[in-house]
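A.B. asks:
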Amino acid sequence: MNFTVVNRCLQVGAVNIIGVSSSSVFLIGDTNTITLSSTFDTPPESLIIGAYVPLAPQ
Amino acid sequence: MISRYSKVNTAYVSSIGISSVFQIGDSMEITPEVNVLAVQREEERHFGTEGDLSQYPIFQEEIPQPILYERLTTNFFHENPSINVNRIDILAISSSSIVHIGSTKDITCVNRTKHIRHYKENPHR
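Respectively, the protein sequence lines represent chains F and H. Each position in the first sequence, counted from 1, maps to that position plus 53 in my numbering. Each position in the second sequence, counted from 1, maps to that position plus 459 in my numbering.
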């Protein structure tokens with residue numbers, strides 16, 4: 054595949070961001086590759102109801 | 460590819476958290492990784508010996524990566540080789556994230572979060 058990009062004038066006034074989180078990127082510039090991975094695990098058994106005992110003790 | 464240059468007049472960042480990067484200037488490779496065990500308890504209680512992450516498979520499982528099979532020919536023409544931003548306001552950067560002013564080559568971020576809620580009694584009863 055042939056991929057051609059022509060970059061002309063790029064002018065931005067203001068950027069307002071609350072949060073950049075969990076494997077994210079805010080980039081002002083150029084890059085070749087970006088690879089972002091994020092896994093989030095909260096299954097039903099992650100809701101524990103009972104006395105406080107240590108979780109995954111070492 | 461010849462990189463463009465980035466011009467930012469003002470940048471405000473209030474908070475930078477776990478395994479994150481705020482980079483001003485060019486870079487080659489950034490690879491932040493983080494493992495998070497997020498425990499919410501009804502009352503604040505922390506046992507010092509908790510958190511053996513090897514007991515949770517999410518921290519070991521393989522994350523599938525994209526396979527690049529297509530041959531790619533790229534052409535870039537920078538008629539105006541600058542990126543101009545007047546002002547940036549960011550409240551927080553966290554959990555294996557990047558805010559980058561300037562050019563880079565490779566970015567690889569990994570975040571693994573295991574979230575657990577812990578109540579003494581059933582709050583829905």
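C-beta: ideal position from N, C-alpha, C; glycine also. Predicted model only: the values in this text are computed from it and were never measured.
#1: In whole angstroms, give me the CA-to-CA distance for residue 522(H) and residue 512(H).
#2: In chain H, which residues lie less than 8 Å from residue 110(F) when you measure between Cβ atoms?
#3: What three-state label does DSSP hand residue 492(H) in the structure shown?
#4: Please work out which residues of its chain come closer than 7 Å, Cβ to Cβ, to residue 566(H), disregarding the five sequence neighbours upstream and downstream, and give them in chain order.
#5: When the distance is taken between beta carbons, is residue 530(H) closer than 8 Å to residue 577(H)?
#6: When burial is assigned at 16 or more other CB atoms within 10 Å of the CB, is residue 570(H) buried or exposed?
#7: Got a sec: is the Cβ-Cβ distance from residue 107(F) to anything in chain H below 8 Å?
#8: Within 10 angstroms of the Cβ of residue 66(F), are there 16 or more other Cβ atoms? Answer buried if so, exposed if not.
#9: Looking at residue 464(H) and residue 540(H), is the spacing between their C-beta atoms short of 8 Å?
#10: Who are the Cβ neighbours of residue 484(H) in its own chain at under 6 Å, not counting the five residues just before and after it?
#11: How would you write the range of the beta strand (DSSP E) that residue 526(H) sits in, first residue to last?
#12: Can you pull out the residues from the segment 536-558 of chain H whose beta carbon lies closer than 7 Å to at least one beta carbon of chain F?
#13: Going by alpha carbons, who is nearest to residue 81(F) out of 583(H), 545(H) and 478(H)?
#14: Between residue 462(H) and chain F, is the shortest Cβ-Cβ distance under 8 Å, so that the two count as touching?
#15: Using beta carbons (cut-off 8 Å, strictly below), is residue 524(H) in contact with chain F?
#16: Check the Cβ of residue 529(H) against every Cβ in chain B and list those closer than 7 Å, keeping chain order.
#17: At 8 Å on the CB atoms, spell out the chain F contacts of residue 473(H), in chain order.
#18: Taking the straight line between their C-alpha atoms, what separation do you get for residue 572(H) and residue 538(H)?
C.D. replies: Put simply:
#1: Looking at the two C-alpha atoms, the distance is approximately 17 Å.
#2: By Cβ distance, chain H contributes 506, 508, 509 and 511.
#3: Strand at residue 492(H).
#4: Excluding positions up to five away in sequence, the list reads 489 and 557.
#5: If you check the CB distance, residue 577(H) and residue 530(H) do not come in under 8 Å.
#6: Buried, because 16 or more other Cβ atoms sit within 10 Å of the Cβ of residue 570(H).
#7: Judged by the 8 Å Cβ criterion, residue 107(F) is in contact with chain H.
#8: Exposed: under 16 other Cβ atoms inside 10 Å.
#9: Yes, the pair counts as a contact, with Cβ atoms nearer than the cut-off.
#10: Correct list, in chain order: 561.
#11: Unbroken run through residue 526(H): none, as it is neither H nor E.
#12: Listed by position, the residues of the segment 536-558 of chain H near chain F (Cβ gap below 7 Å) are 536, 537, 538, 539, 542, 543, 544, 545, 546, 547, 548, 549, 550, 551, 552, 553, 554, 555, 556, 557 and 558.
#13: Of the candidates 583(H), 545(H) and 478(H), the one whose C-alpha sits nearest the C-alpha of residue 81(F) is 545(H).
#14: Yes, its Cβ sits closer than 8 Å to a Cβ of chain F.
#15: It does; some Cβ of chain F falls within 8 Å.
#16: You won't find chain B in this structure, because its protein chains are F and H.
#17: Correct list: empty, because the minimum Cβ distance to chain F is about 10 Å.
#18: Spanning the alpha carbons of residue 572(H) and residue 538(H) requires a straight line of approximately 43 Å.
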